[in-house]
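Chains as they are written, first to last, in the working numbering: chain Y, 2 to 415; chain C, 35 to 165.
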């Protein structure tokens, strides 16, 4: 907005105010939460400040620094509100102290948005609450949008947000970027929230369609913001991982919305600019050891992206990355993916042997992708009737329509 | 903000040596907190077998020997601290030896205005009985 004079001759239109709202409202909100120390009061005064902008800017022009103008206006509104409430409040001393704080607004600290993310993803909040609060307060999705994305009733999401904000207030969850000593643990929960949002968008756990684009978009936007504000290696790795996955979205479904496996995707549809950016991020993350789980997954994804055909994939290298990933995260799902890579390197029988061990050890009995992956290896090994059994087991367990249709097609093809 | 830490663990899981070491280590943390003006009070509790539970129903007083609920982990002590926020409360709770063996539940105090203050209410029994 530099270059616009303080008292512009050209009067601002409603459109200008809307544009500023889109680009600045969450930043202003993040600063206000710090200044007024309360989510609801910050939200309320933010809206009052925009109402004031709608009145003033068409007359006075857009101010040189709209964000500072809005913060100052919202702060006055907040002081007003506190003054009105103080008639009913029990502790006047506390309110006086808060008014004192309010009378000294620093200009925006870039950390404000980071504080907001860390507060919304505080490990003392349940994961479902972290996700709802982050999408509402940081990404500014409406309650209805969040409910739609997670196929939940808006009332449930609204209640989760209200309770989350109350819990932040009552349990004393601070509005700060954590200290260095705590940062790894706290950053983990932020990254987990972003990845959960992405996964729900990229591979919806239930419903009619495979993907939900708004969630993918928000997850990538959050990760970009995080990398910009706090360029931690794992944050960079996570952004790379999501971009590499996202690059394949145009090839992941056919025109009727059915799932196409990596093996059968038309690789010319992959978004090369996302792949290039994703690969650069992976290299950047790998230069900052210790290498974490998101970076390792991103490195695997980057190898897939580098190959022209499924058969030409560098499986030997992929298995090596899975060996490292297994050390960092020995979860059954990682082991399952590793077994698939081993099968591609050494043949289906070797993969099936690993899967049999897994089934005994890790209770993958009720995981539909385990049975789908096993069925695929059995098919490759020429054991059609065993493959059929596994496909049916997967079919029993999946809750997603396109995946169901995919499995039915596989069974017909046997 | 004032927080209470409620320390739960399986009483039977402690050897007398472990228990003694735990109280020594906890006391050291209490002194550290006190120097920073963050200590309000703390005490271990006698085993749950010493508990007496009181209910008044229809004006009648009902006593039970034993705790409110039988659980695998029992309330074994408490700490009261005054720190700026939950993160600092978590940092202190995580240093308590009891957190290694059991669970430390952190609860913010709901502060009522107009309660009397006392400088001896939170002191352990033994000090009071010496007066």
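Every residue, glycine too, gets a C-beta built ideally from N, C-alpha and C. All values reported here derive from a predicted model rather than from experimental measurement.
{"Query": "So, does the region 257-271 of chain Y touch the region 316-323 of chain Y, judging by three or more C-beta pairs under 8 Å?", "Result": "no"}
{"Query": "In its own chain, which residues sit with a C-beta less than 6 Å from the C-beta of residue 101 of chain C, not counting the 5 before and 5 after it?", "Result": "82 and 85"}
{"Query": "List, in order along the chain, the chain Y residues whose C-beta lies closer than 8 Å to that of residue 35 of chain C?", "Result": "173"}
{"Query": "Quick check: the region 389-400 of chain Y against the region 36-52 of chain C, are at least 3 beta-carbon pairs closer than 8 Å?", "Result": "no"}
{"Query": "Look up residue 104 of chain C in the DSSP assignment and say whether it is helix, strand or coil.", "Result": "coil"}
{"Query": "Going by DSSP, which residues form a beta bridge with residue 111 of chain C?", "Result": "C:41 and C:78"}
{"Query": "Comparing C-alpha positions only, which one of Y:374, Y:348, Y:309 and Y:304 sits nearest to residue 336 of chain Y?", "Result": "Y:374"}
{"Query": "Decide yes or no for the touch test of the region 233-249 of chain Y against the region 154-170 of chain Y: beta carbon pairs closer than 8 Å, at least 3 of them.", "Result": "no"}
{"Query": "Note down, in chain order, each residue of its chain lying with its Cβ closer than 8 Å to the Cβ of residue 63 of chain C, except the 5 sequence neighbours on either side.", "Result": "126, 129 and 130"}
{"Query": "In the DSSP assignment, the alpha helix (DSSP H) including residue 217 of chain Y goes from what residue to what residue?", "Result": "214-230"}
{"Query": "Quick check on residue 174 of chain Y: does DSSP put it in helix, strand or coil?", "Result": "coil"}
{"Query": "Please list, in chain order, the residues of the region 176-188 of chain Y that have any C-beta partner in chain C closer than 8 Å.", "Result": "177, 179 and 183"}
{"Query": "Which same chain residues, not among the five before or five after residue 135 of chain C, have their C-beta less than 6 Å away from its C-beta?", "Result": "43"}
{"Query": "In this structure, how does DSSP classify residue 91 of chain Y when only helix, strand and coil are distinguished?", "Result": "Low confidence applies to residue 91 of chain Y: its pLDDT is 46, below 50, so where it sits in the model is not reliable, and the reading given next is rough at best. Reduced to three states, the DSSP call for residue 91 of chain Y is coil."}
{"Query": "Jot down the residue ranges of each uninterrupted beta strand (DSSP E) in the region 252-294 of chain Y, minimum 3 residues, whole runs only, in chain order.", "Result": "none"}
{"Query": "Where residue 59 of chain C and residue 141 of chain Y are concerned, what is the direct C-alpha to C-alpha distance, given to the nearest angstrom?", "Result": "47 Å"}
{"Query": "What do you get for residue 367 of chain Y, buried or exposed, if any count of 16 or more other CB atoms within 10 angstroms of its CB means buried?", "Result": "exposed"}
{"Query": "Would you verify that the beta carbon of residue 54 of chain C is, or is not, closer than 9 Å to some beta carbon of chain Y?", "Result": "no"}
{"Query": "Interface residues of chain C around residue 193 of chain Y at Cβ under 8 Å?", "Result": "Per Cβ cutoff of 8 Å: no residues; residue 193 of chain Y is ~18 Å from chain C at best."}
{"Query": "Please say whether residue 128 of chain Y and residue 187 of chain Y have beta carbons closer to each other than 9 Å?", "Result": "no"}
{"Query": "Using 8 Å as the cut-off, can you tell me whether the region 325-335 of chain Y makes contact with the region 285-301 of chain Y, which would need three or more C-beta pairs spanning the two stretches below that distance?", "Result": "yes"}
{"Query": "Indicate whether residue 58 of chain Y and residue 18 of chain Y have their beta-carbon atoms separated by less than 9 Å.", "Result": "yes"}
{"Query": "Whose C-beta lies closer than 7 Å to the C-beta of residue 99 of chain C among residues of the same chain, with five residues either side of it excluded?", "Result": "86"}
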